[in-house]
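Residue numbers are given in the working numbering: position 71 of the sequence shown equals residue 71, and the series is strictly consecutive.
Single-structure report; data block below.
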Amino acid sequence: MTQAEPFTIAIADAALEDLGARLENTRWIHDVYDADWQFGAPVPFVRALCRHWLKVFDWRALETRLNVYDHAVTEIDGMRIHSMSQRSDRADAVPIMLIHGWPSSFVEFLDMVEPLTNPPPGEPAFHVVMPSLPGYGLSTVKPGVGPQTAASLLARHMKALGYDKFMVQGGDWGFLVGTEIARQFPDDVIGLHLNLVNGSPPPDADIAGLQPHEQDWANDLGNWVSNPHIVLHTQTPASIAHAMNDSPAGLAAWIGEKMHQWIDSDGLDEPFVAFDKLLANIAIYWFT
1 MTQAEPFTIA IADAALEDLG ARLENTRWIH DVYDADWQFG APVPFVRALC RHWLKVFDWR
61 ALETRLNVYD HAVTEIDGMR IHSMSQRSDR ADAVPIMLIH GWPSSFVEFL DMVEPLTNPP
121 PGEPAFHVVM PSLPGYGLST VKPGVGPQTA ASLLARHMKA LGYDKFMVQG GDWGFLVGTE
181 IARQFPDDVI GLHLNLVNGS PPPDADIAGL QPHEQDWAND LGNWVSNPHI VLHTQTPASI
241 AHAMNDSPAG LAAWIGEKMH QWIDSDGLDE PFVAFDKLLA NIAIYWFT
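Encoded structure:
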């Protein structure tokens with residue numbers, strides 16, 4: 001049986017110094033675009049985010065916070081699978097795996113650990129496991145790995161952690177991988193919760209009788225494949241990968257724009273999410 005080994009996050013000082021030098025020497029584009037996000041991440045936003053990354057954001061403090069929790073890695077089919085986890089003190093706690101998507105990582109669940117593991121009396125409690133999807137964060141990947149293989153890897157990782165039966169929560173890629181885990185391991189998954197379900201209306205669907213907001217939702221589902229990031233990621237992913245892997249400012253702009261577009265701020269003023277939280281996720285992508 002695959003063994004889970006303890007793991008500690010420890011980014012090398014040289015990597016931090018390299019990041020600082022790249023941010024300090026960013027070649028900024030000319031500010032010829034409107035600052036209303038119509039054409040993507042505006043220059044003032046990216047400059048402010050990168051300045052915060054360089055001058056304020058404290059990776060070592062985040063690293064210390066992350067290492068408070070249990071980290072483990074397993075070697076499965078030649079790939080390293082990583083997870084961060086926290087057990088509840090409650091005897092009736094249920095194991096649950098929280099699966100992130102793109103452009104997210106396991107750090108997006110940090111604020112959920114305490115309420116899930118230590119809820120008020122009478123509320124359900126959970127042993128929380130937050131894996132890095134294969135190829136994301138601290139997990140490695142081989143060419144050709146898709147949702148089906150990723151599902152098998154994560155399920156076997158859970159078993160290596162000692163959880164033979166567990167619940168699954170997923171969104172974005174986590175929706176696809178989580179659904180596949182439930183399909184492949186129906187006797188092990190005791191519950192599946194999804195916060196994103198992709199799909200398209202049937203070609204002959206008549207949506208005229210739906211409410212206006214329902215029609216908008218149906219049309220958005222049908223048009224999701226034309227989203228710019230979908231086109232780039234499915235047609236020429238290697239080309240943009242070179243830019244993202246070499247420029248922290250470019251990576252911050254790419255992920256920052258997606259988060260701005262997708263996070264529901266409930267009409268709150270900017271920033272749509274605290275820079276430290278945004279950069280915690282971006283930094284995971286950068287360092288790994």
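Yeah, the Cβ is synthetic: ideal placement off N, Cα and C, and Gly gets one too.
Note that the structure is predicted; figures quoted are calculated from it, not measured.
Completely contained alpha helix (DSSP H) runs for the stretch 7-35, where each covers 4 or more residues: 13-24
Checking 8 Å against the spacing of the C-beta atoms, do residue 256 and residue 46 come in under that value? Residue 256 sits at position 256 when you count from the first residue of the sequence shown. Residue 46 sits at position 46 when you count from the first residue of the sequence shown. The answer is yes: Cβ separation under 8 Å.
In the DSSP assignment, find the unbroken alpha helix (DSSP H) run with residue 105 in it and report its ends. As a working note, residue 105 is residue 105 in the sequence shown. Residue 105 -> no alpha helix (DSSP H), and no H or E assigned at all.
Which runs of the alpha helix (DSSP H) fall wholly inside the stretch 116-165 and span at least 4 residues, in chain order? 147-160
Would you identify the three-state DSSP class for residue 284, choosing helix, strand or coil? Working through the sequence shown from its first residue, we reach residue 284 at position 284. Residue state, collapsed to three classes: helix.
Between 221, 211, 74, 187, which has its C-alpha nearest residue 202's C-alpha? Working through the sequence shown from its first residue, we reach residue 202 at position 202. Answer by Cα proximity: 221.
At what residues does the alpha helix (DSSP H) containing residue 251 begin and finish? Sequence index remark: in the sequence shown, residue 251 carries index 251 (1-based). Looking at the DSSP string, the run of the alpha helix (DSSP H) that includes residue 251 is 248-262.
Rounded to the nearest angstrom, what separates residue 193 and residue 168 at their Cα positions? Counting from one through the sequence shown, the residue named residue 193 turns up at place 193. Counting from one through the sequence shown, the residue named residue 168 turns up at place 168. One C-alpha to the other measures close to 6 Å.
Residues near residue 132 in its chain [Cβ-Cβ closer than 6 Å; skip 5 each side]: The residue labelled residue 132 in the question sits at position 132 within the sequence shown. Around residue 132: 82, 106, 138, 139.
Where does residue 46 sit, in a helix, a strand or coil, going by DSSP? Stepping through the sequence shown from its first residue, residue 46 is reached at position 46. Helix at residue 46.
Reduced DSSP category for residue 98 - H, G, I as helix; E, B as strand; rest coil: As a working mapping, residue 98 is identified with position 98 in the sequence shown. It is a strand residue.
What residue range is occupied by the uninterrupted beta strand (DSSP E) comprising residue 74? Position 74 of the sequence shown holds residue 74. First-last of the beta strand (DSSP E) with residue 74: 70-76.
Please classify residue 74: is it buried, with 16 or more other beta-carbons within 10 angstroms of its beta-carbon, or exposed? By 1-based counting over the sequence shown, the position of residue 74 is 74. Per the 10 Å Cβ criterion, buried.
For residue 172, count the other beta carbons within 10 Å of its own beta carbon; 16 or more makes it buried, fewer makes it exposed. Which is it? Counting from 1 along the sequence shown, the entry for residue 172 is found at position 172. Residue 172 is buried by the Cβ-count criterion.
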